[in-house]
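Undergrad: Going down the list, the sequences are from chains A and B.
The first sequence begins at 1 in our numbering and counts up by one.
The second sequence begins at 1 in our numbering and counts up by one.
Here a beta-carbon is modelled for each residue, glycine too, at the ideal position from N, C-alpha and C.
This is the structure I have questions about; it appears just below.
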Amino acid sequence: MTTTATDRIVIDPVTRIEGHAKITIHLDDAGEVRDAQFHVTQFRGFERIVQGRPLHEMPSIMARICGICPVSHLVASAKACDEIISVEPPPAGADLRRVMNLAQIAQSNALSFFHLASPDLLFGFDAEAAGRNLFGVAAAAPRLARDGIAIRRFGQQVIEWLGGKRIHPSWIVPGGVDSPLEAETRDRILAAIPEAIAASERAIAWYTGELVRFEEEAASFGDFRSAYMGLVAPDGTVDHYDGLLRVVDADGAYLADRIDPRGYADLIGEAVEPWSFLKSTYWKDLGYPDGVYRVGPLARVVVAERMGTPRADAELGRFRERLGRVPSSSFHYHYARLIDMLYALERIEELLRDPGILSARVRSTGGINRNEGIGVSEAPRGTLMHHYRVDDDGIVEWANLVIATGHNNLAMNRSVAQVAKAYVRSATLSEAMLNRVEAVIRCYDPCLSCSTHALGEMPLRVQLLGPDHAMLDELVR
Amino acid sequence: MTGRPAVLVVCYGNPLRGDDAVGWRVAESIASDPRLAGAHVMTAHQLLPELAVEVAEADLAVLVDARMGEPPGSISVMHVAPCADRGPFGHVLTPAALGALALSVAGRTADLVVVSIGIERTEPGTALSHAVADAVPSVREVVADLVLAHA
Numbered sequence: 001m002t003t004t005a006t007d008r009i010v011i012d013p014v015t016r017i018e019g020h021a022k023i024t025i026h027l028d029d030a031g032e033v034r035d036a037q038f039h040v041t042q043f044r045g046f047e048r049i050v051q052g053r054p055l056h057e058m059p060s061i062m063a064r065i066c067g068i069c070p071v072s073h074l075v076a077s078a079k080a081c082d083e084i085i086s087v088e089p090p091p092a093g094a095d096l097r098r099v100m101n102l103a104q105i106a107q108s109n110a111l112s113f114f115h116l117a118s119p120d121l122l123f124g125f126d127a128e129a130a131g132r133n134l135f136g137v138a139a140a141a142p143r144l145a146r147d148g149i150a151i152r153r154f155g156q157q158v159i160e161w162l163g164g165k166r167i168h169p170s171w172i173v174p175g176g177v178d179s180p181l182e183a184e185t186r187d188r189i190l191a192a193i194p195e196a197i198a199a200s201e202r203a204i205a206w207y208t209g210e211l212v213r214f215e216e217e218a219a220s221f222g223d224f225r226s227a228y229m230g231l232v233a234p235d236g237t238v239d240h241y242d243g244l245l246r247v248v249d250a251d252g253a254y255l256a257d258r259i260d261p262r263g264y265a266d267l268i269g270e271a272v273e274p275w276s277f278l279k280s281t282y283w284k285d286l287g288y289p290d291g292v293y294r295v296g297p298l299a300r301v302v303v304a305e306r307m308g309t310p311r312a313d314a315e316l317g318r319f320r321e322r323l324g325r326v327p328s329s330s331f332h333y334h335y336a337r338l339i340d341m342l343y344a345l346e347r348i349e350e351l352l353r354d355p356g357i358l359s360a361r362v363r364s365t366g367g368i369n370r371n372e373g374i375g376v377s378e379a380p381r382g383t384l385m386h387h388y389r390v391d392d393d394g395i396v397e398w399a400n401l402v403i404a405t406g407h408n409n410l411a412m413n414r415s416v417a418q419v420a421k422a423y424v425r426s427a428t429l430s431e432a433m434l435n436r437v438e439a440v441i442r443c444y445d446p447c448l449s450c451s452t453h454a455l456g457e458m459p460l461r462v463q464l465l466g467p468d469h470a471m472l473d474e475l476v477r
Numbered sequence: 001m002t003g004r005p006a007v008l009v010v011c012y013g014n015p016l017r018g019d020d021a022v023g024w025r026v027a028e029s030i031a032s033d034p035r036l037a038g039a040h041v042m043t044a045h046q047l048l049p050e051l052a053v054e055v056a057e058a059d060l061a062v063l064v065d066a067r068m069g070e071p072p073g074s075i076s077v078m079h080v081a082p083c084a085d086r087g088p089f090g091h092v093l094t095p096a097a098l099g100a101l102a103l104s105v106a107g108r109t110a111d112l113v114v115v116s117i118g119i120e121r122t123e124p125g126t127a128l129s130h131a132v133a134d135a136v137p138s139v140r141e142v143v144a145d146l147v148l149a150h151a
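Dropping the structure here:
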């Protein structure tokens, strides 16, 4: 931490999130927190990289955006390609895409909850930073650590068994998937599901027992009224692969219901600020920057009427009984993430028990039949949109990616400001504030690799700025 | 120990970054070696927490990795004691930290041996430099010796 003569706070780096960021906290003349900015400081530029590439390369290129959720980009990219070649994947091809996407949801949610968030939840936000990590969890609560490792391993193994490798599989292709599912692979996955579900339910039991300890954090970790957005199936259940866009306001009223997500540009604006490479999306009707909405696991459990699987629905009932229909605090992303994970595991089992999953017909083929395509799916962190334009030869001329972390950017900024207002008491930074600023960002599980796109881990820098923008204090983790 | 793979060989690195792919090439070489037929051979980009399960289930874990700063093609063998890295946790573990994690979550860990190959370049590409490529058969012999000594 460094201290200078006047007024600002910097947290740099932010740890235990995906990517690299800096936070600036601005004080007013009275020394109170006026605002906070979450800066994403690295740039990758996939939207430009792909210009000039042939369409069939797009899923494989786009998967390279991220090593955590490459499957999400495969799915959204392949769906955009489906539209351009004007084909619909055969039912087994679509369901196999669903299975791989859900496996990734499970492993990514496990990574976020067990590896990144559970140290704070187990030891508390004021515990010594050196011990708040997975090793500390493994020593103090080996069952919890073991369950996290097991669920993440399960998801990774499913991806590898289906796609040939755990990271950047190229099995999801325009028109469907590259090869049918073997019965032996199906049986291997099915055999592993009961233990994964048991581990997931143990985590939920532990977390819900601990939740009462975090009432103070829940009241300041992004506790504000906002809209929520996610995909739902026509029957109102959650749908991570396909579905229609639903947006609800803070009272649960629909701002949009079962809208074709390919019309996203009519509903969502994308703003750019000079202080971050991360775009801020906003709900157009409310304008910028007031059009804050949240996506991701919490949004999914808010916008859906029910999950659609028995165990997840039972837990969703308890969630709503405890927190209401539209929780206002982003702290509850953790609980929602666990329900989302349980759902993913149950749904994989349902899909694999359908005999049709073994069909040899898994891919449709076609040429360039349209010049524009939009693919939308739910990634672990929220709604993911890939939008391409190609020439008549299928060469990509333009691409736009709307990433979950971008949807959440305004909410993350507001959350950081709220935490800062609660915990910044002078022109200096405290560990209590730093810990909680980091933790509130982790609630959203931002993936800056996807959204900007950054490379590597995410260290955090926090700067405290005075009204004249001079730096008062700085913390670097 | 019934049903437990007694020997685990994890060959890791980035297969698209030049000599960093040497672990993957060693894995391919091992796959056709009958002396290592009983070993569980894996490839990985990095050592991740999930590997703690395999490390805990094995008696011997041989970790094959590229190493900058050593003469290209040189081979070193190092026995590693489990040791938790208490720094901010990312997704990547050291061999010692992987052993420590296995010990914490499963109560046991394999004996850990790191076989390092000196490399000279990590630019994007799939080709190994000559010195590193020439070392692959020797690395296979080193791994085989370790496994056979364990048996």
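Run through chain A and tell me which residues come within less than 7 angstroms of B/E50, C-beta to C-beta.
TA: Here the neighbours are I149, R152, R153 and Q156.
Undergrad: For a contact meaning CB atoms closer than 8 angstroms, what does B/V53 contact in chain A?
TA: Neighbours of B/V53 on chain A, chain order: I149, A150 and R153.
Undergrad: Per DSSP, what are the beta-bridge partners of A/K22 in this structure?
TA: In DSSP, A/K22 forms a bridge with A/H39.
Undergrad: If I measure Cβ to Cβ from B/A81 and keep anything under 7 angstroms in the same chain, skipping five residues before and after, which residues do I get?
TA: A96.
Undergrad: Along chain A, in chain order, which residues have C-beta atoms closer than 9 angstroms to that of B/L112?
TA: The contacting residues do not exist; B/L112 stays about 16 angstroms from chain A at best.
Undergrad: Apart from the five residues just before and just after B/T109, which ones in its own chain have a Cβ nearer than 7 angstroms to its Cβ?
TA: Excluding residues within five positions, the ones whose Cβ falls inside 7 angstroms are V55, A56, P82, G99, A102 and L103.
Undergrad: Between which residues of its own chain and B/S76 is the CB-CB distance below 6 angstroms, once the five residues before and five after are set aside?
TA: So the list reads S116, once near-sequence residues are dropped.
Undergrad: Check for me: the beta strand (DSSP E) holding A/I374 runs from which residue to which?
TA: Note, A/I374: beta strand (DSSP E), E372 to A379.
Undergrad: Measure how close the beta-carbons of A/D120 and A/A439 come, nearest whole angstrom, since I'm counting them as under 8 angstroms.
TA: Indeed, because the Cβ distance is near 5 angstroms, the residues count as touching under 8 angstroms.
Undergrad: Let me check understanding here. Comparing Cα to Cα, which of A/N109, A/E397, A/E346 and A/G466 lies closest to A/D35?
TA: That would be A/G466, whose Cα lies nearest to the Cα of A/D35.
Undergrad: Roughly how many angstroms lie between the CA atoms of A/F38 and A/L144, to the nearest whole one?
TA: About 31 angstroms.
Undergrad: Does the separation of the CB atoms of A/A63 and A/P169 fall below 9 angstroms?
TA: In this structure, A/P169 lies closer than 9 angstroms to A/A63 by Cβ.
Undergrad: Nearest CA to the CA of A/A138: which residue from B/V105, B/D33, B/H150 and B/G38?
TA: Looking at the Cα atoms, B/V105 is the closest of the given residues.
Undergrad: Tell me, please, which residues DSSP counts as bridged to A/W398.
TA: BP columns for A/W398 point to A/R389.
Undergrad: Looking only at C-alpha atoms, which of A/H407, A/V173, A/G222 and A/R188 sits nearest to A/C81?
TA: Nearest option by C-alpha distance: A/V173.
Undergrad: Which of helix, strand or coil does DSSP assign to B/W24?
TA: The answer is helix: DSSP assigns B/W24 an H, G or I state.
Undergrad: Among B/L93, B/H130 and B/A52, which one has its Cα closest to the Cα of B/L8?
TA: Ranking the options by Cα distance to B/L8, first place goes to B/A52.
Undergrad: Would you kindly check if the distance between the Cβ of A/I149 and the Cβ of A/M504 is under 9 angstroms?
TA: One cannot answer for residue 504 of chain A here, as it falls past the ends of chain A, which runs 1 to 477.
Undergrad: Check the Cβ-Cβ distances between A/L134 and every residue of chain B, and say whether any is below 9 angstroms.
TA: Answer yes: the Cβ-Cβ gap between A/L134 and chain B drops below 9 angstroms somewhere.
Undergrad: By the 10 Å Cβ neighbour count, where 16 or more other Cβ atoms means buried, how is B/T126 classified, buried or exposed?
TA: Exposed, by the Cβ-count rule.
Undergrad: With H, G and I counted as helix, E and B as strand and the rest as coil, what does DSSP make of A/Y343?
TA: Correct three-state label for A/Y343: helix.
Undergrad: Under 8 angstroms between beta-carbons, which chain A residues line up against B/S29? List them in chain order, please.
TA: In chain order: nothing, as chain A lies at least about 19 angstroms away.
Undergrad: May I have the straight-line CA-CA distance separating A/G321 from A/E372, to the nearest angstrom?
TA: Here residue 321 of chain A is Glu; the residue named in the question, Gly, does not match the sequence. Each residue's alpha carbon lies about 44 angstroms from the other.
Undergrad: Do three or more CB pairs link the segment 310-321 of chain A to the segment 193-212 of chain A at distances below 8 angstroms?
TA: Judged by Cβ distances under 8 angstroms, the segment 310-321 of chain A makes contact with the segment 193-212 of chain A, as three or more pairs qualify.
Undergrad: Tell me, please, which residues DSSP counts as bridged to A/W283.
TA: Per DSSP, A/I268.
Undergrad: B/V22 and B/A135 - do their beta-carbons sit closer together than 9 angstroms?
TA: Cβ distance < 9 angstroms, so B/A135 and B/V22 count as in contact.
Undergrad: Could you tell me which residues DSSP puts in a beta bridge with A/D235?
TA: DSSP, once it has assigned bridges, lists no residue as partnering A/D235.
Undergrad: Is there a C-beta anywhere in chain B that falls below 9 angstroms from the one on A/R442?
TA: No, A/R442 does not count as interfacial toward chain B.
Undergrad: Which whole runs of the beta strand (DSSP E) in the segment 171-234 of chain A are 3 residues long or more, in chain order?
TA: Those beta strand (DSSP E) runs which fall completely within the segment 171-234 of chain A and span 3+ residues are 227-232.
Undergrad: Among A/A110, A/F224 and A/L401, which one has its Cα closest to the Cα of A/H73?
TA: Among A/A110, A/F224 and A/L401, the Cα nearest to that of A/H73 is on A/L401.
Undergrad: Is the separation between the beta-carbon of B/H45 and that of A/G155 shorter than 9 angstroms?
TA: In this structure, A/G155 does not lie closer than 9 angstroms to B/H45 by Cβ.
Undergrad: Quick one: which residues of the segment 37-48 of chain B get their C-beta closer than 7 angstroms to a C-beta of chain A? List them in chain order.
TA: Going along the segment 37-48 of chain B in chain order, one finds H45 with a Cβ nearer than 7 angstroms to chain A.
Undergrad: Span of the alpha helix (DSSP H) holding A/C81?
TA: Residues P70 to I85.
Undergrad: Rounded to whole angstroms, what is the Cα-Cα separation between A/F46 and A/G394?
TA: The straight-line gap from Cα to Cα measures roughly 18 angstroms.
Undergrad: Where does the unbroken alpha helix (DSSP H) through A/I149 begin, and where does it stop?
TA: From DSSP, the alpha helix (DSSP H) with A/I149 extends over P142 to G163.
Undergrad: Considering only the beta carbon of each residue, do B/D19 and B/T122 sit closer than 9 angstroms?
TA: Taking 9 angstroms as the Cβ cut-off, B/D19 and B/T122 qualify as a contacting pair.
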